[in-house]
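Colleague:
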Amino acid sequence: MSRPVVAYIHLANLRHNYRLLNRLAAGAQVMSVIKADAYGHGLRLVAPALQKEGCHSFAVTNAEEGAVLRGIIGRGSAITLLSGIFDQEGAALCCLQHLTPALTEHGQVKLLHEAGFHGQAWIKVDTGMNRLGTQDVPGLYDACKTAGIGIAGLMSHLACADEPEHALNAVQVERFERIAASLPADTPKSLLNSAGLISIGRRTTYDVVRPGIALYGAEPVASMPIGLKPVMSFCGSVIQLRDIPAGESVSYGASFITSKPVRIATISTGYADGLPRLLSNQGLTACVGTSGTAILPIVGRVCMDYCLLDASGCDIETGMQVEFWGEHVSAAKVAEQVGSIAYELFTGISSRVPRQAIE
Ligand SMILES: Cc1ncc(COP(=O)(O)O)c(C=O)c1O
Numbered sequence: 000m001s002r003p004v005v006a007y008i009h010l011a012n013l014r015h016n017y018r019l020l021n022r023l024a025a026g027a028q029v030m031s032v033i034k035a036d037a038y039g040h041g042l043r044l045v046a047p048a049l050q051k052e053g054c055h056s057f058a059v060t061n062a063e064e065g066a067v068l069r070g071i072i073g074r075g076s077a078i079t080l081l082s083g084i085f086d087q088e089g090a091a092l093c094c095l096q097h098l099t100p101a102l103t104e105h106g107q108v109k110l111l112h113e114a115g116f117h118g119q120a121w122i123k124v125d126t127g128m129n130r131l132g133t134q135d136v137p138g139l140y141d142a143c144k145t146a147g148i149g150i151a152g153l154m155s156h157l158a159c160a161d162e163p164e165h166a167l168n169a170v171q172v173e174r175f176e177r178i179a180a181s182l183p184a185d186t187p188k189s190l191l192n193s194a195g196l197i198s199i200g201r202r203t204t205y206d207v208v209r210p211g212i213a214l215y216g217a218e219p220v221a222s223m224p225i226g227l228k229p230v231m232s233f234c235g236s237v238i239q240l241r242d243i244p245a246g247e248s249v250s251y252g253a254s255f256i257t258s259k260p261v262r263i264a265t266i267s268t269g270y271a272d273g274l275p276r277l278l279s280n281q282g283l284t285a286c287v288g289t290s291g292t293a294i295l296p297i298v299g300r301v302c303m304d305y306c307l308l309d310a311s312g313c314d315i316e317t318g319m320q321v322e323f324w325g326e327h328v329s330a331a332k333v334a335e336q337v338g339s340i341a342y343e344l345f346t347g348i349s350s351r352v353p354r355q356a357i358e
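Residues in the sequence shown are numbered consecutively from 0, following numbering that gives the first Met the number 0.
#1: Does the structure place the stretch 96-109 close enough to the stretch 65-78 that three or more beta carbon pairs sit under 8 Å?
#2: Suppose the cutoff is 6 Å on Cβ atoms and the five residues either side in sequence are ignored; what does the same chain contact list for A310 look like?
#3: List the residues that DSSP assigns as beta-bridge partners of H9.
#4: Roughly how many angstroms separate the alpha carbons of A356 and K228, rounded to a whole number?
#5: Is the CB-CB distance between T203 and L214 below 8 Å?
#6: When DSSP labels each residue in this structure, what does C302 get in the three-state scheme?
#7: Would you check if the distance between the CB atom of S193 and the CB atom of P163 is smaller than 8 Å?
#8: Could you tell me the boundaries of the alpha helix (DSSP H) in which L92 lies?
#9: Anyone know if the C-beta pair for Y38 and F255 falls short of 8 Å?
#10: Would S155 and Q134 be called neighbours here (beta carbons separated by less than 8 Å)?
#11: Between the C-alpha atoms of P187 and G149, what's the straight-line distance to the nearest angstrom?
#12: For ligand 1, I want to know if V207 counts as a neighbour, meaning its beta carbon is within less than 7 Å of at least one of the ligand's heavy atoms.
#13: Tell me the start and end of each unbroken beta strand (DSSP E) in the stretch 306-338 that is at least 3 residues and wholly inside, in chain order.
#14: For N61, which of G41, V45, S82, L111 has the nearest alpha-carbon?
#15: Going by C-alpha distance, which of G347, V337, N16, D125 is nearest V45?
#16: Measure how close the beta-carbons of G325 and F233 come, nearest whole angstrom, since I'm counting them as under 8 Å.
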């Protein structure tokens, strides 16, 4: 009998989000970013659902993720490696699995050439994020051509697209266009992630857009919600209910002391599942009972395998499910409480939590 902790993956909401983003892309190709096990949602659930919806371009982090994805989706679709390759093994996988690395270094071209790679590669240029990207686009372009590597296109990544008014957005667009102008006019271009697509889209959708977080239903630009629906519901279950008198402490460190008699619900979910420990004494959990949805506070410290709720006055029973984030409490709101972002919550769900598809 498995522990009652589960991440439900609502595929209808994923399809809704993809369609919404496809409309915003206004004719540009949507490269669905499904790295890190589809942002923790489960590659094996997400990739085929997107493929059925008409998506034929995907992005993951590295060659190992690319090889796993190729095994799931078969030949026909492009798989871009946003972090490129790091070694000979990565180059060999690009050949074997028909992967499309994003290149930032001449050393990567050499590795691909030595591996006999004659597929396509993106040139990834830094336009102001100062994280990863070449500063020598013409040099890398020529090196690819000489090595017999096709050019998939020129890509760059925005640093502040979730802040529509940020001055760096316009700077990056201007630099990107200037660099693109130095390449043949028919070179495909890609700049926008989810937030960029929403906040600065239209003129800059170019040929390919690369949404990630929006696919999973977290609004990338808080001030500009577009009607995305949450794909993940992260749930645990009530495994014990106990009445505790006033003046007792709850969980490790006795950080919560009952000021009155309370009903404590012990939930089957802890930080080893991906429930942030920073939610200790401040998290909220949705419990759907027969008389409606109650929002219950997490009391005491979140433990490795458990957390505790104050369920006083609630029609809760052993075996009932509670939701930490999803339909009733947004991941963005939970993330804000712990000084993080929805990306980190999603990718923090551990491998011991089953991902269960809901059609
Ligand atoms: C190069 C690149 N493109 C696109 C994305 C997708 O970004 P988002 O999830 O914010 O849409 C990422 C994510 O980190 C990225 O690194």
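Beta carbons are placed, not taken as given, at the ideal position from N, Cα and C, and that holds for glycine.
Modeller: With the structure as the only source:
#1: yes
#2: R262, A264, L295
#3: I357
#4: 15 Å
#5: no
#6: coil
#7: no
#8: 87-96
#9: no
#10: no
#11: 12 Å
#12: no
#13: 306-309, 320-324
#14: S82
#15: N16
#16: 6 Å
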